[in-house]
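In UniProt numbering, the protein residues as written are 1 to 224.
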């Protein structure tokens with residue numbers, strides 16, 4: 001079941017979209033303004049976000065850029081703004097599609113399906129091997145000495161972000177936004193705790209890690 005977050009202050013539209021999406025098997029989250037939408041996105045990690053540009057507190061573009069700063073989730077923008085520049089601004093901010101109001105529900109559902117297909121995980125995601133452990137990104141598995149390693153969801157998400165950026169510095173802020181959400185981007189102590197746990201499970205010598213490396217004052221780096 002895919003989870004869809006809808007951020008819109010039109011309560012009648014929210015009810016209609018919730019009924020139609022739920023009837024087709026989607027789990028639906030509703031947010032009547034931009035700030036609550038950003039909070040729900042960080043807490044629930046939906047599979048797709050639908051955002052209206054005309055929100056009562058912040059502009060929908062800010063919601064798009066806020067989510068895009070830490071997530072690749074597909075975003076479909078709804079708006080009564082028909083001007084070409086409004087569409088350009090939304091797409092440049094990171095939206096994947098733009099639907100103008102009024103719209104037909106069948107059209108929107110088709111856009112939702114298309115966006116979810118584009119955002120589906122890549123079945124050909126790589127398997128990375130080190131001298132100590134193997135990470136299968138597509139299968140979401142980690143093995144050490146031929147045996148599976150049990151990771152918590154948070155440990156896996158943290159490892160996945162680092163592995164997908166192998167060889168690159170990933171800053172504290174990037175990791176915190178990606179794994180915990182934008183409201184946690186100053187909680188550097190979270191990273192220390194979880195990196196220590198990962199090293200304990202994966203590194204041959206956790207006190208002298210070879211693969212999960214610290215860049216002091218900056219962030220972390222995964223070296224295969």
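Cβ coordinates follow ideal geometry from the N, Cα and C atoms, glycine included. Computed from a predicted model, the values in this text were never measured in an experiment.
How many angstroms separate the CA atom of residue i from the CA atom of residue j?
i, j, result
"residue 112", "residue 48", "8 angstroms"
"residue 136", "residue 82", "44 angstroms"
"residue 89", "residue 206", "46 angstroms"
"residue 133", "residue 43", "30 angstroms"
"residue 61", "residue 131", "45 angstroms"
"residue 36", "residue 16", "20 angstroms"
"residue 230", "residue 179", "Residue 230 is absent from the structure shown; the chain starts at 1 and stops at 224."
"residue 20", "residue 126", "37 angstroms"
"residue 18", "residue 33", "16 angstroms"
"residue 128", "residue 114", "30 angstroms"
"residue 123", "residue 14", "No answer about residue 123 holds up, because its pLDDT of 48 lies below 50 and its placement is not dependable."
"residue 189", "residue 80", "43 angstroms"
"residue 212", "residue 45", "25 angstroms"
"residue 225", "residue 11", "Residue 225 lies beyond the range of the chain shown here (1 to 224); nothing can be said about it."
"residue 155", "residue 107", "39 angstroms"
"residue 91", "residue 85", "10 angstroms"
Quick check on the DSSP output: the beta strand (DSSP E) that includes residue i runs from which residue to which?
i, result
"residue 192", "Careful: residue 192 lies outside any beta strand (DSSP E), inside the alpha helix (DSSP H) at 188-202."
"residue 79", "75-79"
"residue 52", "48-52"
What does a CB cutoff of less than 6 angstroms around residue i pick up in its chain, not counting 5 residues either side in sequence?
i, result
"residue 209", "199, 203"
"residue 26", "2, 4"
"residue 219", "169, 170, 171, 172"
"residue 87", "98"
"residue 40", "5, 29, 31"
"residue 192", "none"
"residue 65", "93"
"residue 105", "20"
Could you tell me if the beta carbon of residue i falls within a distance shorter than 7 angstroms of some heavy atom in the ligand GDP?
i, result
"residue 18", "Ligands displayed in this structure: none; no statement on the ligand GDP is therefore possible."
Please confirm whether residue i and residue j have their CB atoms less than 8 angstroms apart.
i, j, result
"residue 69", "residue 182", "yes"
"residue 75", "residue 38", "no"
"residue 9", "residue 55", "yes"
"residue 175", "residue 187", "no"
"residue 223", "residue 167", "yes"
"residue 7", "residue 73", "no"
"residue 162", "residue 151", "no"
Ends of the alpha helix (DSSP H) at residue i?
i, result
"residue 157", "153-164"
"residue 117", "105-118"
"residue 304", "Any answer about residue 304 is impossible in this case: the structure gives the chain only from 1 up to 224."
"residue 65", "60-68"
"residue 91", "84-93"
In the DSSP assignment, what residue or residues form a beta bridge with residue i?
i, result
"residue 222", "212"
"residue 31", "7"
"residue 144", "133, 147"
"residue 128", "135"
"residue 169", "221"
"residue 97", "76"
Residues in the same chain with beta-carbon distance under 8 angstroms from residue i, minus the five sequence neighbours each way, listed in chain order, please.
i, result
"residue 103", "78"
"residue 196", "206"
"residue 118", "74, 96"
For residue i, which residues of its own chain have a beta-carbon under 7 angstroms away from its beta-carbon, when the five flanking residues on both sides are left out?
i, result
"residue 57", "33, 34, 35"
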